[in-house]
Amino acid sequence: MAGKKTVLIVDDDPDFVESTSMVLRRDYEIATAGSGQECLAAVAKARPDAIIMDVMMNDVLDGLETAKKLKADKATAEIPVLMLTSVNQHFDYRNQVEDGYYPRDRWFDKPVKPEALLSALKDLVK
Amino acid sequence: MNAASVLRILVVDDEPGMTRGVQRILNGFRIMLPDIDEDVVFEVDTCETGGDFLKRLEVSAPDLLLLDCKLPDMSGMDILEKLSHPKRDILTVMITAYATLETAVKATKLGAYDFLAKPFTPDELRSTVRKAARDVILTRKARRLAEERRRMRFQFISVLAHELKSPLNAIEGYLEIIKNRSAGNDEAAYDLALDRSIIRIGGMRKLILDLLDLTAIESGQKIRKPESVDLAEVARSVAQNHQAEASRTGIAITVTCPEPVLFLADPGDMEMLLSNLISNSVKYNRQNGSVTVTIAQSSPGVRIDVADTGIGMRPEEVSRLFKEFSRIKNEKTRGIAGSGLGLSIVKKLALLYGGDVGVESEFGAGTTFTVTLTHFQEGLSSVGAET
Numbered sequence: 001m002a003g004k005k006t007v008l009i010v011d012d013d014p015d016f017v018e019s020t021s022m023v024l025r026r027d028y029e030i031a032t033a034g035s036g037q038e039c040l041a042a043v044a045k046a047r048p049d050a051i052i053m054d055v056m057m058n059d060v061l062d063g064l065e066t067a068k069k070l071k072a073d074k075a076t077a078e079i080p081v082l083m084l085t086s087v088n089q090h091f092d093y094r095n096q097v098e099d100g101y102y103p104r105d106r107w108f109d110k111p112v113k114p115e116a117l118l119s120a121l122k123d124l125v126k
Numbered sequence: 127m128n129a130a131s132v133l134r135i136l137v138v139d140d141e142p143g144m145t146r147g148v149q150r151i152l153n154g155f156r157i158m159l160p161d162i163d164e165d166v167v168f169e170v171d172t173c174e175t176g177g178d179f180l181k182r183l184e185v186s187a188p189d190l191l192l193l194d195c196k197l198p199d200m201s202g203m204d205i206l207e208k209l210s211h212p213k214r215d216i217l218t219v220m221i222t223a224y225a226t227l228e229t230a231v232k233a234t235k236l237g238a239y240d241f242l243a244k245p246f247t248p249d250e251l252r253s254t255v256r257k258a259a260r261d262v263i264l265t266r267k268a269r270r271l272a273e274e275r276r277r278m279r280f281q282f283i284s285v286l287a288h289e290l291k292s293p294l295n296a297i298e299g300y301l302e303i304i305k306n307r308s309a310g311n312d313e314a315a316y317d318l319a320l321d322r323s324i325i326r327i328g329g330m331r332k333l334i335l336d337l338l339d340l341t342a343i344e345s346g347q348k349i350r351k352p353e354s355v356d357l358a359e360v361a362r363s364v365a366q367n368h369q370a371e372a373s374r375t376g377i378a379i380t381v382t383c384p385e386p387v388l389f390l391a392d393p394g395d396m397e398m399l400l401s402n403l404i405s406n407s408v409k410y411n412r413q414n415g416s417v418t419v420t421i422a423q424s425s426p427g428v429r430i431d432v433a434d435t436g437i438g439m440r441p442e443e444v445s446r447l448f449k450e451f452s453r454i455k456n457e458k459t460r461g462i463a464g465s466g467l468g469l470s471i472v473k474k475l476a477l478l479y480g481g482d483v484g485v486e487s488e489f490g491a492g493t494t495f496t497v498t499l500t501h502f503q504e505g506l507s508s509v510g511a512e513t
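Chains A and B, in that order, are what the protein sequence lines are.
Take 1 as the starting number for the first sequence in the working numbering and just add one per residue.
Take 127 as the starting number for the second sequence in the working numbering and just add one per residue.
#1: Got a sec: which bits of the stretch 290-313 of chain B sit with their beta carbon under 9 Å from any beta carbon on chain A, in order along the chain?
#2: Closer than 7 Å by beta-carbon distance: list the chain A residues that pair up with residue 476(B), in chain order.
#3: Taking C-alpha atoms, which residue in 478(B), 449(B), 487(B) and 475(B) lies nearest to residue 436(B)?
#4: Are the CB atoms of residue 175(B) and residue 149(B) nearer to each other than 8 Å?
#5: Between 13(A), 31(A), 73(A) and 111(A), which has its C-alpha nearest residue 50(A)'s C-alpha?
#6: Is residue 321(B) close to the ligand GDP? I mean its beta-carbon at under 7 Å from any heavy atom of the ligand.
#7: Between the stretch 240-251 of chain B and the stretch 105-125 of chain A, are three or more C-beta pairs nearer than 8 Å?
#8: Which complete alpha helix (DSSP H) runs does the stretch 178-253 of chain B hold, if anything under 4 residues is left out?
#9: Which whole runs of the beta strand (DSSP E) in the stretch 32-72 of chain A are 3 residues long or more, in chain order?
#10: Tell me which residues share the same chain as residue 151(B) and place their Cβ nearer than 8 Å to its Cβ, disregarding the 5 neighbours each side in the sequence.
#11: Give the residues of chain A in contact with residue 331(B), contact being defined as C-beta atoms less than 8 Å apart.
#12: Identify the contact partners of residue 55(A) in chain B, using a Cβ-Cβ distance below 8 Å as the criterion.
#13: Could you tell me which of 16(A), 4(A) and 61(A) sits nearest to residue 29(A), measuring between CA atoms?
#14: Go to residue 493(B), then tell me how far its beta strand (DSSP E) extends in each direction, as first and last residue.
#15: Indicate whether the contact test is met: 3 or more Cβ pairs, each with one atom in the stretch 218-232 of chain B and one in the stretch 193-203 of chain B, closer than 8 Å.
#16: Let me see if you follow: with CB-CB separation under 8 Å, is residue 279(B) close to chain A or not?
#17: Indicate whether at least one CB of chain A lies closer than 8 Å to the CB of residue 326(B).
#18: Taking one C-beta from the stretch 409-424 of chain B and one from the stretch 360-373 of chain B each time, how about it: are there three or more such pairs within less than 8 Å?
#19: Taking 8 Å as the CB-CB cut-off, is residue 110(A) touching chain B?
#20: Closest by CA to residue 502(B), which one among 254(B), 384(B), 369(B) and 355(B)?
#21: Taking DSSP as the reference, what is the three-state secondary structure of residue 90(A)?
#22: Take residue 476(B) and list the residues in its own chain whose beta-carbon comes closer than 6 Å to its own, dropping the five residues that flank it on each side.
#23: What residues in its chain sit with their C-beta under 7 Å from that of residue 18(A), if we drop five residues either side in the sequence?
#24: Starting from residue 322(B), trace the alpha helix (DSSP H) in both directions and tell me its first and last residue.
#25: Mind listing the chain B neighbours of residue 137(A)? Cutoff is C-beta to C-beta under 8 Å, in chain order.
#26: Below 8 Å on C-beta distance, what does residue 260(B) contact in chain A?
#27: Taking residue 110(A) as part of the beta strand (DSSP E), name the residues at either end of that continuous run.
#28: For residue 145(B), list the residues DSSP reports as bridge partners.
#29: Taking only beta carbons into account, state which residues of the stretch 20-42 of chain A come closer than 8 Å to chain B, listed in chain order.
Next up, the structure:
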């Protein structure tokens with residue numbers, strides 16, 4: 001399927017991955033990962049055009065740490081990352097703006113409507 | 127010898143002989159409180175007037191106060207009154223020359239803790255101070271424990287809320303997809319969405335039921351009656367209940383107890399214990415693997431081993447095992463549903479029966495849980511939330 005961009009969905013809840021995939025796969029190639037480690041491995045194998053990542057996975061801030069690693073590496077720094085948080089977390093972590101990291105419009109609170117993700121992807125994936 | 131807490135005593139009396147005497151007796155006086163595992167030593171300070179005392183109070187307060195009724199500038203009663211507004215955390219022992227019932231009642235109403243009638247012997251002094259010191263230590267311990275309990279309950283509820291949010295979000299996500307036909311004509315997707323939603327609801331139900339079991343154990347509300355239970359029989363019955371689920375992945379559950387193993391226990395407790403152990407072994411197992419349950423008398427009680435040929439655990443995963451809601455989350459376990467409370471329940475039950483639970487595991491090979499039980503216990507005060 002030439003021409004379809006790839007989106008990597010990273011979340012430790014397999015149902016979130018599945019349901020998001022159901023909506024996005026009509027427009028994108030979907031790759032999945034269940035942890036930060038799996039995400040980095042997947043990115044090394046095949047660079048995605050965008051990443052959707054949960055901030056907290058497996059009870060630690062895995063997603064946040066992985067996003068920082070991706071940003072720190074020149075090879076992956078430009079990949080747009082949509083960060084997903086659970087409501088009571090985002091007050092703490094949204095202030096990662098200062099590093100020019102992930103501007104506010106790239107953060108979404110769970111439960112997130114797949115349509116919102118689609119919309120953001122349309123803007124970010126050119 | 128235990129570590130000692132230092133309590134500060136302030137003696138307010140204008141008779142230097144008195145204050146020096148008290149200092150001599152109490153410095154180096156060490157109280158041992160073995161039933162609460164603490165020792166107490168004292169730092170004794172003195173002052174001679176009420177005014178002096180009140181000034182000192184602005185800077186720091188003692189833990190115990192030995193207060194003379196008659197001071198050159200004011201009465202002990204006046205000071206007592208000042209100490210009660212605002213209420214302070216100081217235990218006051220009044221030193222009186224004449225202990226009339228009237229003064230005693232008045233002083234008590236003003237907040238005095240105890241009395242020492244002059245002249246008093248060193249033993250009388252030590253006895254009174256011992257009583258007061260014990261009271262201070264116990265009160266502090268009680269407060270610390272209450273604070274600890276509040277903190278842990280808050281944390282428990284926070285984690286619980288998080289555990290329930292995940293399946294709710296997942297189910298809502300799937301329902302929205304079905305409602306909006308967001309997967310287009312992919313009918314298989316809609317079927318999957320419904321199946322997964324039902325599975326996640328089952329998970330939530332299990333979580334709630336496990337939570338009720340856990341709370342029932344901790345609260346002591348459930349009526350538990352000990353009777354002679356054949357653990358081998360209970361194990362066989364529980365194994366049978368799980369056989370259908372086990373068969374789906376080709377797992378055989380074997381109970382190896384040729385003889386009855388009798389143990390005085392509440393049957394419901396034993397069923398809960400074995401059910402959680404066997405359920406775990408079936409879930410975290412490999413295709414066509416096995417679960418072996420061995421129960422034997424092991425003086426003074428019994429020993430239960432549940433071994434599986436499952437995915438095993440790494441050492442750091444083992445260390446987190448018995449915490450509430452702790453579930454081992456890695457690539458191999460991602461698809462496994464569980465409340466995260468099962469082992470917590472097992473541990474609490476083991477402790478309740480004067481025993482414990484241990485685990486041996488080899489990553490990739492299998493795990494064995496060993497539960498020892500010694501005897502039925504009525505009380506639950508020792509089974510707190512801090513396991």
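Glycine included, every Cβ here is placed at the ideal spot set by N, Cα and C.
According to the structure shown:
#1: 291, 292, 293, 294, 295, 296, 297, 298, 299, 300, 302, 303, 306, 308, 309, 310 and 312
#2: Simply none; closest approach about 25 Å.
#3: 487(B)
#4: no
#5: 31(A)
#6: Absence of the ligand GDP from the depicted structure is noted, as is the absence of any ligand whatsoever, leaving it without description.
#7: no
#8: 202-210 and 227-235
#9: 50-54
#10: 248, 251 and 252
#11: Under the 8 Å cutoff, chain A gives no residues; its nearest Cβ is about 16 Å from residue 331(B).
#12: In chain order: nothing, as chain B lies at least about 13 Å away.
#13: 4(A)
#14: 492-499
#15: yes
#16: no
#17: yes
#18: yes
#19: yes
#20: 355(B)
#21: Unreliable placement is indicated for residue 90(A), whose pLDDT of 48 sits below 50; no coordinate value is reported for it.
#22: 482, 483 and 497
#23: none
#24: 313-345
#25: Outside the displayed range of chain A (1 to 126) lies residue 137(A), so it cannot be described from this structure.
#26: Per Cβ cutoff of 8 Å: no residues; residue 260(B) is ~42 Å from chain A at best.
#27: 107-110
#28: DSSP, once it has assigned bridges, lists no residue as partnering residue 145(B).
#29: 20, 22, 23, 26, 34, 35 and 38
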